[in-house]
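Colleague:
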Amino acid sequence: MRYTLSLFAVLAFIWLANSGHYTPLLLGFGLLSIGLVILLARRMQLVDRESQPLHLSLALPGYYWWLFRKIVRSNLEVAAAVWRGRTSIQAASGRIKTGLQTDLGKVLYANSITLTPGTVAVEVENNEIVVHALDTRGLEDLRRGEMERRVRALEE
Amino acid sequence: MTVLSGLALALGCFFMLSGAVGLLRFPDFYTRMHAAGMTDTLATFLVVGGLMLLAGWSLALFKLGLILLFIFFTSPTASHSLARAAQHSELRLADAQRPGSRESRETETRSMAAAETEVETDTVNVDRA
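First to last, the sequence lines map onto chains A and B. Using the working numbering, you'd call the opening residue of the first sequence number 1237 and step up by one each time. Using the working numbering, you'd call the opening residue of the second sequence number 4 and step up by one each time.
#1: What does A:ALA1357 reach in chain B if we use C-beta pairs closer than 9 Å?
#2: So A:LEU1351 and A:VAL1387 are supposed to be a Cβ contact under 8 Å. How far apart are they, rounded?
#3: So, helix, strand or coil for B:THR77, using DSSP?
#4: Exposed or buried, A:THR1355, counting other C-beta atoms within 10 Å across all chains shown (16 or more means buried)?
#5: Given that A:ASN1363 touches chain B, what residues does it touch there, using C-beta distances under 9 Å?
#6: Considering only residues of the stretch 1278-1335 of chain A, which uninterrupted alpha helix (DSSP H) runs meet the minimum length of 4 residues and lie entirely inside it, listed in chain order?
#7: If we count the other Cβ atoms within 10 Å of its Cβ and call it buried at 16 or more, is A:PRO1353 buried or exposed?
#8: Could you please tell me which residues of the stretch 30-44 of chain B, in chain order, have their CB closer than 8 Å to any CB of chain A?
#9: Within the continuous alpha helix (DSSP H) that includes A:HIS1257, where are the two ends?
#10: Can the beta-carbon of A:ILE1250 be found closer than 8 Å to that of B:LEU69?
#11: Please classify A:GLU1376: does DSSP put it in a helix, a strand, or coil?
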């Protein structure tokens, strides 16, 4: 039930932020369309812990802030590599072992890797992630496992 | 506020440009993908953030915020599917290969499927005769 309510809140916010017309007729249409979407989502069994990770909502802002700073740092590194030319990079790929158990944790981890420029998660298999990195240091950084630790603190 | 937003826009443009130059300069598919990754993280953030500063407290602010949010949610998915698609081409990474993995199984099932169609054509021919 709380997942349905949270979906309602999210959809209502998106609708209100995008509409800008607050007459009773249009608000009614909005309510109707939100109801329809919730009905469809429930029938497709999409309304659950995975699509509405409410249990993360307290810890997520902290993680996002850390991830954002990491994204800025690696953006600067990649930009520097671009202007220094191709001799400054050492592209590498490798398998990163992960101890994350839940699907949600793995998805968070892999998406965080991809979102950071310089590393891309290519494939997720059981407990390994195939990562391609612009520089071998990117792989070493992941092997040190700070990001994984933070994801685990979030999810498990 | 205008100065700050102008600064953010200019920086965003710089990172966009770096991404584009990297796309042309880097040697292969994967390294180019990293350069493109720059344009849809920090560059987008700076450009949209700069516009948000210009927008002030209005509906446009929320809309820009939503755009930013959706880009940050969808771009890793797009990059991942791009990289994954490359695994089905000759650009496949050596690390993604593994004995007894999906690939060998795939060829096995393919030969089985081929055998099945052969049998099928045979029965069709028998019926005709």
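For every residue, glycine included, the Cβ atom is placed at its ideal position computed from N, Cα and C. Here the structure is a predicted model, which is why all the values come from computation and not from measurement.
Modeller: Well, looking at it:
#1: Within 9 Å Cβ-Cβ: PRO79, SER82, HIS83, ALA86.
#2: Your pair A:LEU1351 and A:VAL1387 does not check out as a contact, with CB atoms roughly 12 Å apart and the cut at 8 Å.
#3: In this structure, B:THR77 counts as helix in the three-state DSSP scheme.
#4: Counting other Cβ atoms within 10 Å of its Cβ, A:THR1355 reaches 16 or more and is therefore classed as buried.
#5: In chain order: nothing, as chain B lies at least about 13 Å away.
#6: Fully enclosed alpha helix (DSSP H) runs of 4 or longer: 1296-1320.
#7: When all chains shown are included, A:PRO1353 counts as buried.
#8: Cβ contacts with chain A: PRO30, ASP31, TYR33, THR34, MET36, HIS37, ALA38, GLY40, MET41, THR44.
#9: Where A:HIS1257 is concerned, there is no enclosing alpha helix (DSSP H), because DSSP gives it neither an H nor an E.
#10: Against a cut-off of 8 Å, the Cβ pair of B:LEU69 and A:ILE1250 comes out as a contact.
#11: A:GLU1376: helix per DSSP, three-state reduction.
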